[in-house]
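Quick mapping for you: the protein sequence lines, in order, are chains A and B. Quick note on numbering that gives the first Met the number 0: the first sequence kicks off at 0 and runs consecutively. Quick note on numbering that gives the first Met the number 0: the second sequence kicks off at 0 and runs consecutively. For each residue, glycine too, the CB sits at the ideal point set by N, CA and C.
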Amino acid sequence: MTDAGSAPPAGAGATTGRDARARLSLRAVSFAYSQTRVLDGIDLDVRAGERLAILGPNGAGKSTVLRLLAGTLTPDAGRVLLDGGDLAAMRGADRARRLAFVPQESRVAFDFTVLEIVLMGRSPRLGLLGIEGAHDLEIARRALAFTDAEALAERPISQLSSGERQRVLLARALAQEPDTILLDEPTAFLDLGHQVRIHRLLSGLHRERGTTVVFVSHDLNLAARYADRIVLLAEGRILRDGTPAQVLTPDALRAAYGVEVRLVTDPELEAPTVVVLGPAASS
Amino acid sequence: MKRFTLPRLIGVTAILGAVLVVVVVLAMGIGATQVPVLQTLFGSSGGSPEEALRAREILLGLRLPRILLAALVGGALACSGATFQAVLRNPLADPYILGVSGGAALGAIATAAFGLDRAPGGWALRPLAAFAGSASTIFLIFLLARLRGRASNYPMLLTGVVVNAFFSALILFIITVADYTRFQQVFFWLVGNIEPPPWPTLAALAVALAGGFAVLYLLAGRMNLMSLGEEEARALGVDVNRVKRTAILVASFVTAAAVSWSGLVGFVGLMVPHAVRLIWGPDHRILLPACALGGAAFLVAADTGARTIMAPIEMPVGIITAAIGAPFFLFLFQREKGGRYFD
Chain A
0 MTDAGSAPPA GAGATTGRDA RARLSLRAVS FAYSQTRVLD GIDLDVRAGE RLAILGPNGA
60 GKSTVLRLLA GTLTPDAGRV LLDGGDLAAM RGADRARRLA FVPQESRVAF DFTVLEIVLM
120 GRSPRLGLLG IEGAHDLEIA RRALAFTDAE ALAERPISQL SSGERQRVLL ARALAQEPDT
180 ILLDEPTAFL DLGHQVRIHR LLSGLHRERG TTVVFVSHDL NLAARYADRI VLLAEGRILR
240 DGTPAQVLTP DALRAAYGVE VRLVTDPELE APTVVVLGPA ASS
Chain B
0 MKRFTLPRLI GVTAILGAVL VVVVVLAMGI GATQVPVLQT LFGSSGGSPE EALRAREILL
60 GLRLPRILLA ALVGGALACS GATFQAVLRN PLADPYILGV SGGAALGAIA TAAFGLDRAP
120 GGWALRPLAA FAGSASTIFL IFLLARLRGR ASNYPMLLTG VVVNAFFSAL ILFIITVADY
180 TRFQQVFFWL VGNIEPPPWP TLAALAVALA GGFAVLYLLA GRMNLMSLGE EEARALGVDV
240 NRVKRTAILV ASFVTAAAVS WSGLVGFVGL MVPHAVRLIW GPDHRILLPA CALGGAAFLV
300 AADTGARTIM APIEMPVGII TAAIGAPFFL FLFQREKGGR YFD
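Structure (structure tokens):
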């Protein structure tokens, strides 16, 4: 199995397809921050077990879509469904056992240790007393091992680098034992090596546990390599939806970003590589 | 290993409980008259029966109520500070700095100055008015912060400081207009002063504070999650708005209950939680009980200092807490700018 997207094209390409395998769905969802409308009647199905990348220019509504799917925002109109049930009607802890959200960066008000932060991922699964047991500790340690952050366990969170912190946030998400993990630009502040490492971790999670992975990205080529499916947003609507090869076309990228691109194919990779030529002639 | 465990909670509670008992016993023995505490309470003192009676009267009638009030107020302010710091995600928040204490003081003074608390059933009016004052202050601060767009950090503290100054002016105005003869008493109260209260007052205060503490402790785990930020707390299943509302309301109540009897004792809610975090880490399941006991011990010690340093003159305890607390605040402020917390 390669990292590249190789999902069958069945069902892909439709912008409003309703899928029986849908894990998370947006149904005619609109959202506005105070007066600014961000999303306008969006429909989207995230299928169980897929790796979905959400792309689009600044202000297209990527992060908003992710937060609506994660349940940290509620739509102004329309519904968000988890396995067909209304997400807004779920208890917070029930939702947090299914969905994990990884922010772009995290500001912790107090200096908890890394292990304490990861153990917080267990909180939706704790009993009445809210005390972590040996089992929770074991899962937190495994999550740290999975993200290669075991050595950081006793370090104060404030003393970590961006790359280390991102691995800790990912470990906390794993400690929730979710079936779906949603990440907001997980590699935005990371160098090339850390970017690839984080995406390899996510792909490993997807492969080993069948976890559904949804991530927002600005990096077309990372998305092409590490997603089975790409949703391209522009101005609060879905512009394209399909496999990386279907979505990353010169036409679509010109419409979304106002740039001219050329697609080249590396013999080692299935997904196309996007080479940016310059701004589009008229945009 | 700073991770929360039950034995750890019990250990910390036992240590600080012991510290509190020692401080209380020492404080009972310190004062204008030399009284041997343990002999008077448990054994036979060498002196005459009259002397023994007088010694008991000094210890149990004068010193103990005052010490217990200081303990209750100190514990309340420290827990309230820890709570505000958690839900506002601001390590510099404190009921005094935020103006919550000032709001409570305004409510309490208004009833006292107009003699309302001497009316039948008036004893309940003072704490109720204090609570109304503290709760409306924190909601006013939230409202102003929301108008600015973000409810966080320094603008919020600054708003609190300004609100505090405004309330002080109002309080002084009320006193000047209402009852000039009580000026000195109220002035003391503005700085924070512990007077020996009657036993029923102590008992009522203890019950109210215990109730408030129980509610806050139920929220301790969620306060941990809140310190990750509201969005992440929500993603981990916390009903953020409800927790925030409840915690702030209860912390305001606890503050008001304390301020009603002690006046404006400042900085306890800032210093004690910081000291506890430094030693035992920031987990609120340990922090809150440690603040209750540590805050109690701290204010008993400070009040003992207040009544002995300038003896026979008794200073308001708020002078001591401010003299230690203000430099402490400045130290934290500059250290935080140095990037200890995330930016």
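Beta carbon proximity, Val107(A) to chain B, threshold 8 angstroms: For Val107(A), the answer is yes, since a Cβ of chain B falls inside 8 angstroms of its Cβ.
Taking the DSSP output, what are the residues bridged to Gly277(A)? In the DSSP output, where bridge partners are listed per residue, Gly277(A) has Glu259(A).
My guess is that Leu65(A) and Leu231(A) are in contact by the Cβ rule of under 8 angstroms, so how many angstroms apart are they, rounded? At roughly 14 angstroms, the Cβ-Cβ gap does not stay under 8 angstroms, so Leu65(A) and Leu231(A) are not in contact.
Rounded to whole angstroms, what's the CA-CA distance from Arg2(B) to Ser135(B)? Just pull it up for me. So the two alpha carbons sit approximately 37 angstroms from each other.
With DSSP as the reference, please indicate the residues paired to Gly77(B) in a beta bridge. First, the amino acid is wrong: residue 77(B) is Ala here, not Gly. In DSSP, Ala77(B) forms no bridge with anything.
Run down chain A in chain order and give the residues with a C-beta less than 7 angstroms from the C-beta of Ser226(B). Neighbours of Ser226(B) on chain A, chain order: Val107, Ala108, Phe109.
In or out: Asp265(A) buried (at least 16 other Cβ within 10 Å) or exposed? Under this definition Asp265(A) is an exposed residue.
Straight-line CA distance for Ala233(A) to Gly60(A)? Here the alpha carbon of Ala233(A) sits roughly 8 angstroms from the alpha carbon of Gly60(A).
Using a Cβ-Cβ cut-off of less than 7 angstroms, give me the residues of the stretch 223-255 of chain B that come near chain A, in sequence order. Along the stretch 223-255 of chain B, the positions whose C-beta sits under 7 angstroms from a C-beta of chain A are Asn223, Leu224, Ser226, Leu227, Gly228, Glu230, Glu231, Arg233, Ala234, Leu235, Gly236, Val237, Asp238, read in chain order.
If the cut is a Cβ gap below 7 angstroms, which residues of chain B does Arg166(A) touch? In chain order: nothing, as chain B lies at least about 16 angstroms away.
Once the 5 residues before and after Ala300(B) are set aside, which same chain residues still bring their CB inside 8 angstroms of it? Counting only Cβ-Cβ distances below 8 angstroms, and skipping sequence neighbours, we find Val22, Ala26.
Where DSSP assigns a beta bridge to Pro155(A), which residues make up the other side? Paired residue(s): Thr112(A).
What residues match up with Ala236(A) in a beta bridge as DSSP calls it? In the sequence on display, residue 236(A) carries Arg and not Ala. Per DSSP, Ala233(A).
Show which residues of chain A have a CB atom less than 8 angstroms away from the CB atom of Gly220(B). Near Gly220(B) (Cβ distances below 8 angstroms), the residues of chain A are Ser122, Leu125, Gly129.
What separation, rounded to the nearest whole angstrom, lies between the Cα atoms of Ala27(A) and Ala174(A)? Straight-line Cα distance between these residues: approximately 32 angstroms.
Length at least 3, wholly inside the stretch 14-46 of chain A: the beta strand (DSSP E) runs in chain order: DSSP assignment within the stretch 14-46 of chain A yields the following whole beta strand (DSSP E) runs of 3 residues or more, N-terminal first: 21-32, 35-46.
Any Cβ of chain B within less than 8 angstroms of the Cβ of Pro102(A)? For Pro102(A), the answer is yes, since a Cβ of chain B falls inside 8 angstroms of its Cβ.
Below-8 angstroms beta-carbon distance, Asp282(B) vs any chain A residue: Put simply, the CB of Asp282(B) is near chain A, with a gap under 8 angstroms to one of its CB atoms.
Whole angstroms is fine: what's the gap from Leu15(B)'s alpha carbon to Gly28(B)'s? Straight-line Cα distance between these residues: approximately 20 angstroms.
Would you kindly work out how many angstroms separate the C-alpha atoms of Ile174(B) and Arg166(A), rounded to a whole number? Rounded to the nearest angstrom, the two C-alpha atoms are 59 angstroms apart.
Which of helix, strand or coil DSSP assigns to Leu98(A): Here Leu98(A) sits in strand by DSSP.
Limits of the alpha helix (DSSP H) - the one that Ile180(A) falls within: Here Ile180(A) belongs to no alpha helix (DSSP H); instead the beta strand (DSSP E) covers 179-183.
Distance, Val213(A) Cα to Val242(B) Cα: If you draw a straight line from the Cα of Val242(B) to the Cα of Val213(A), it is about 29 angstroms long.
Would you please verify whether the beta carbon of Leu61(B) is less than 8 angstroms from any beta carbon of chain A? Not one chain A Cβ lies under 8 angstroms of Leu61(B).
Here's the rule I'm using: 16 or more other beta-carbon atoms within 10 Å means buried, otherwise exposed. How should Val274(A) be labelled? It counts as exposed.
According to DSSP, simplified to helix, strand and coil, what is Val246(A)? Here Val246(A) sits in helix by DSSP.
Kindly list, in the order they appear in chain B, the residues whose Cβ is closer than 8 angstroms to that of Leu114(A). Annotation: Cβ neighbours of Leu114(A) in chain B (cutoff 8 angstroms, chain order): Arg2.
Return helix, strand or coil for Gly132(B), following the three-state DSSP convention. The three-state secondary structure of Gly132(B), taken from DSSP, is helix.
Under 8 angstroms between C-beta atoms of Ala104(B) and Arg125(B): Not in contact: Ala104(B) and Arg125(B) (Cβ atoms no closer than 8 angstroms).
Quick check on DSSP: helix, strand or coil for Arg50(A)? Annotated three-state conformation of Arg50(A) is strand, per DSSP.
Look at Pro278(A) and Gly257(A) and say whether their C-beta atoms are less than 8 angstroms apart. Against a cut-off of 8 angstroms, the Cβ pair of Gly257(A) and Pro278(A) comes out as a contact.
Which whole runs of the alpha helix (DSSP H) in the stretch 69-99 of chain A are 4 residues long or more, in chain order? Those alpha helix (DSSP H) runs which fall completely within the stretch 69-99 of chain A and span 4+ residues are 91-97.
Using a cut-off of 7 angstroms between C-beta atoms, extract the partners of Ala71(A) located in chain B. Contrary to the premise, residue 71(A) reads as Thr rather than Ala in this sequence. Taking the beta carbon of Thr71(A) as reference, the chain B residues within 7 angstroms of it are Glu230, Arg233, Ala234, listed in sequence order.
Counting only beta-carbon separations shorter than 8 angstroms, does Val273(A) have a partner in chain B? Taking Cβ atoms only, chain B never reaches closer than 8 angstroms to Val273(A), which makes this a no.
Short CB-CB distance (under 8 angstroms) between Arg294(A) and chain B: As displayed, chain A neither begins before 0 nor continues past 282, which places residue 294(A) out of reach and without an answer.
Compute the beta-carbon to beta-carbon distance between Ala99(A) and Ile180(A), rounded to the nearest angstrom, for a pair I have assumed lies under 8 angstroms. With a Cβ gap of about 5 angstroms, Ala99(A) and Ile180(A) count as contacting.
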